[in-house]
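Student: 247 is the number that this note's numbering gives the last residue of the sequence shown; the numbers go up by one with no jumps. Cβ coordinates follow ideal geometry from the N, Cα and C atoms, glycine included. Have a look at the structure that comes next, please.
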Amino acid sequence: MPPTDPPAPTAPPPDRAAIRAYLDSLTTRIADEGPPDLPSVLISGAIRCGKTRVARQVCNATGLVRLETDHLRNALILGLSERDKRRVAKYVYRQILLRHPRGLLIDGTALMDAPCELPLWARRRGILFLAIGYSEGRVPDKTRDLLAFRASNPCWTHKMTDDAGVKRLARQIIQRSKEVREFCAAHELPYFHLDSGQFDAERDRVAREIESQIRRHHAQTAPSGVMARLISWRRAWFTAGDPPAR
């Protein structure tokens, strides 16, 4: 048998000190940006379906501090084995949301990485999860929209040198969008179809609907009075590290 290539080397996972340093730096950045008293939000879904631009628009309208999943990837999990990537990401996302149940918007496809536990974990803690896809469109239409977008915007699809590659990507996007839609339907989570053929209008529509959901959720869940002060004290204690000596 011909020799097989050795597996690609992987980096060791970050230790607890490195993860804590990352979380602390993120907490400082979020505090510096002055997050609003609104519930934190997760936006995920299929690739090339408008998540990033919708997330930016929602943050502009609400003041939520935006964190892309690429930020975590680049800071902590590049070069790790797939097993370590899943383990570290699962832990770090949960720690971020425990520290910041309000005031933060995280967006990226990685939020739905298998086994897709984070959306349900977040919902149990009052954190909104919403997904965006292109589940109701046709492959030729999505191919056209992808080609039109990359003709006037920087996009990683420029690596695909022929239209056939873009067509395959369009088919994959539609299939993944249907999977996302089915997951959301099964768990009663909000899902938005965004028609990329009318991108600007659709981006605005989805962003408005998400903003409305955030504000409704805030009205239903916002603590008041003594409870709000207790939550604020607990959050400050939690993010400061060890409890103060008595």
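(1) According to DSSP, what are the bridge partners of PHE130?
(2) Going by other Cβ atoms of all chains shown within 10 Å of its Cβ, with 16 needed for buried, is ASP163 buried or exposed?
(3) Around the Cβ of ALA19, are there at least 16 other Cβ atoms within 10 angstroms (buried) or fewer (exposed)?
(4) Contact check, LEU65 vs LEU106 under 8 Å by CB: the rounded distance?
(5) Name the DSSP bridge partner or partners of GLU69?
(6) With a threshold of 16 other CB atoms inside 10 Å of the CB of PRO141, please say whether the residue is buried or exposed.
(7) Could you compute how far the alpha carbon of PRO120 sits from the alpha carbon of ILE175?
(8) Is it right to say LYS52 is buried, meaning 16 or more other beta carbons lie within 10 angstroms of its own, or is it exposed?
(9) Just to check my reading of the structure: VAL181 and TYR192 have Cβ atoms closer than 8 Å, yes? What is that Cβ distance to the nearest angstrom?
(10) Assign THR144 to buried or exposed, taking buried as 16 or more other Cβ atoms, counted over all protein chains shown, within 10 Å of its Cβ.
(11) Tell me the DSSP bridge mates of ARG103?
(12) Which same chain residues end up closer than 8 Å to GLN96 when comparing Cβ atoms and leaving out the 5 residues on each side of it in sequence?
(13) Start and end of the alpha helix (DSSP H) containing HIS219?
(14) Which value, in whole angstroms, describes the spacing of the CA atoms of GLU118 and LEU170?
(15) Within the continuous alpha helix (DSSP H) that includes TYR192, where are the two ends?
(16) Taking 8 Å as the limit between beta carbons, can you name the residues of its chain near LEU39, skipping five residues before and five after?
(17) For ARG74, does the three-state DSSP call read helix, strand or coil?
(18) So which of GLU137, PRO13 and VAL42 has the shortest CA-CA distance to ASP212?
(19) Does DSSP classify MET161 as helix, strand or coil?
(20) Can you tell me which of the three DSSP states GLY166 falls into?
(21) Going by beta carbon distance, what residues of the same chain come within less than 8 Å of THR11, once the five residues before and after it are set aside?
(22) In the structure shown, what three-state DSSP assignment does GLY226 receive?
Tutor: Taking the structure as given:
(1) LEU43
(2) exposed
(3) exposed
(4) 4 Å
(5) ASP108
(6) exposed
(7) 21 Å
(8) buried
(9) 7 Å
(10) buried
(11) PRO40
(12) ILE20 and LEU24
(13) 200–222
(14) 26 Å
(15) Per DSSP, TYR192 belongs to no alpha helix (DSSP H); it is in the beta strand (DSSP E), 192–194.
(16) THR63, GLY64, LEU65, ARG103, GLY104, ILE215, ARG216 and HIS219
(17) helix
(18) Here residue 212 is Glu; the residue named in the question, Asp, does not match the sequence. It is VAL42 whose Cα lies nearest to the Cα of GLU212.
(19) coil
(20) helix
(21) GLY80, LEU81, SER82 and ASP85
(22) Here the model assigns GLY226 a pLDDT of 49, short of 50, so the residue's position is not dependable and the matter cannot be decided.
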